[in-house]
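Working notes for the structure below.
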Amino acid sequence: MKVLGIITEYNPFHNGHIYHIEKSKQITQADFVIAVMSGSFTEQGNISIYDKFKRATIAVENGVDLILELPTIYANSSSEYFANASISLLNSINIVDCICFGSEAGNIDLLSNISNKIINNEDRIWKDISSNLKQGISFAKAREQSITKYLNTEEIIEFSKPNNILAIEYLNSLSKLNGKIKPYTINRNSSNFNDINISKDKIYTSATSIRNHIYEKKEISDLKSLIPQNMLNIVCNIEPTFNDKLLNILKYKIITSSKKDLSNIYEVTEGLENRIISAISNSNTYDELIENIKSKRYQMSKIKRILNNIILNITKDDFERIYKSNEQYAHILKISKRGKALLSQIAKNSNIPLITSVNDNVLNSLSDIQRSMINIDILATNIHSILNNENINKDYTNRL
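First residue of the sequence shown: 246, per our numbering; consecutive thereafter.
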């Protein structure tokens, strides 16, 4: 039995994801697919367009055998922590043989060379980053400038591409864990689609473009060629969720928090709490709030993640305590009929708790750190439900 791991958000699920699943199975010769998926919030700081259980169900109906939730504290985090936690989760269940991710490079050797250079020069890179930050540039820019000093021309070009960046973070994490998972990559812009029986014009899209299409209330029928029918049914019948809906919760949280409270929120630095307090008084929409907070030091995705941390009350101490503990759990959101064969293998081999349903007994069996993490997941899910006038506590009522 060969098990493939993939790392996903499915926000929303589209034909490109089907291609990723099928092509990855093909090149790895895997028998089963386990996906680690963001839940209610995503790495770019967006609330998920549809709830995690619906997205997990769509994925299982399109070829994934088992969906594990990436804990919210890491799903709503920078690429480094997002990648590290995802790889750690797959590694900790001890049944995953390989992983396959998309990249612009489509060349695992090239990406591995970049990763090795980063790891081998890590101490010097962090020293350079610290020096660059003093010049007033953003962390992302400081990091890019520090790393590219150690790369050749071709590697610099590839390092700047968004999917390559995440792919390199996966490889960095795999190297540090020194686990048995073998990495593969597929080209995100591949033209060789016929081997999985999907034409190119039905794949060449992105979740971002689909979200924008839905947000702008364009013709849903235009999406028929880009997303599978079961996803189209959700788009046609369920109200989508966008960051706009977060504004009133943010107003409440910010005006009822002290300046000190806000300064303690994870990723708030250099007096950003003052900009947040000022901005909330002068913003009538979520986009206005972002614009009023934004500065050259902070990427938009980071500002959005900070606002989510305010909503979820994730402090610097919380994140440091949880990250340093290196604790995880495997919370299953959905499983296919054939995927149930994996449960006994995970239960037998996993280094972390396997959670098939959430209840008080399960929560009490977890460590304090694990319980803190999953309580954030439950809160995030409840916020998503409240914004859509749906029943809360879905984590307790979900059935596999």
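No residue lacks a Cβ here, since even glycine has one placed at the ideal position from N, Cα and C.
Sheet register partners of residue i (DSSP bridge)
i           : result
residue 286 : 292
residue 314 : 282
residue 579 : 312
residue 250 : 279 and 344
residue 273 : Answer is none; residue 273 lacks a bridge partner.
residue 432 : 348
residue 560 : 510
residue 600 : 576
residue 543 : 540
residue 427 : 343
Whole-number beta carbon distance between residue j and residue i, since they are thought to touch under 8 angstroms
i           : j           : result
residue 571 : residue 511 : About 17 angstroms separates the two Cβ atoms, so there is no contact after all.
residue 392 : residue 384 : Actually they do not touch by this definition, with Cβ atoms about 12 angstroms apart.
residue 279 : residue 250 : 5 angstroms
residue 531 : residue 491 : 6 angstroms
residue 292 : residue 285 : 6 angstroms
residue 631 : residue 637 : 7 angstroms
residue 287 : residue 314 : So it is not a contact: roughly 12 angstroms between Cβ atoms.
residue 358 : residue 400 : 7 angstroms
residue 377 : residue 395 : Their Cβ separation, rounded to whole angstroms, is 14 angstroms, which puts residue 377 and residue 395 out of contact at 8 angstroms.
residue 412 : residue 346 : 5 angstroms
Whether residue i touches residue j by CB criterion (8 angstroms)
i           : j           : result
residue 351 : residue 252 : no
residue 312 : residue 320 : no
residue 564 : residue 318 : yes
residue 587 : residue 354 : no
residue 332 : residue 248 : no
residue 409 : residue 348 : yes
residue 535 : residue 548 : yes
residue 608 : residue 574 : no
residue 601 : residue 577 : yes
residue 645 : residue 569 : no
residue 335 : residue 426 : yes
residue 450 : residue 259 : yes
residue 257 : residue 455 : yes
residue 298 : residue 585 : no
residue 473 : residue 263 : yes
residue 468 : residue 480 : yes
residue 560 : residue 509 : yes
residue 604 : residue 641 : yes
residue 566 : residue 614 : yes
residue 550 : residue 269 : no
Option in the options with minimal Cα separation from residue i
i           : options               : result
residue 295 : 477, 370, 339 and 534 : 477
residue 507 : 588, 558 and 534      : 558
residue 337 : 598, 427 and 623      : 598
residue 290 : 246, 343 and 324      : 324
residue 634 : 315, 484 and 268      : 484
residue 494 : 536, 548, 452 and 552 : 552
residue 406 : 356, 381, 258 and 468 : 356
residue 501 : 521, 489 and 400      : 521
residue 277 : 488, 334, 260 and 343 : 343
residue 496 : 479, 460, 469 and 526 : 526
residue 422 : 378, 472, 372 and 364 : 364
residue 583 : 617, 562, 545 and 306 : 306
residue 273 : 281, 482 and 246      : 246
residue 328 : 486, 626, 560 and 419 : 419
residue 617 : 533, 550, 546 and 562 : 562
residue 682 : 643, 546, 544 and 330 : This structure does not reach residue 682, given that the chain is present from 246 up to 645, and the question cannot be answered.
residue 504 : 281, 523, 487 and 486 : 523
residue 475 : 372, 465 and 302      : 302
residue 488 : 482, 463, 589 and 546 : 546
residue 528 : 499, 390 and 513      : 499
residue 261 : 369, 433, 596 and 398 : 433
**Request:** Count the CB pairs spanning the segment 506-521 and the segment 534-544 that are closer than 8 angstroms, and state whether there are at least three.
**Result:** yes
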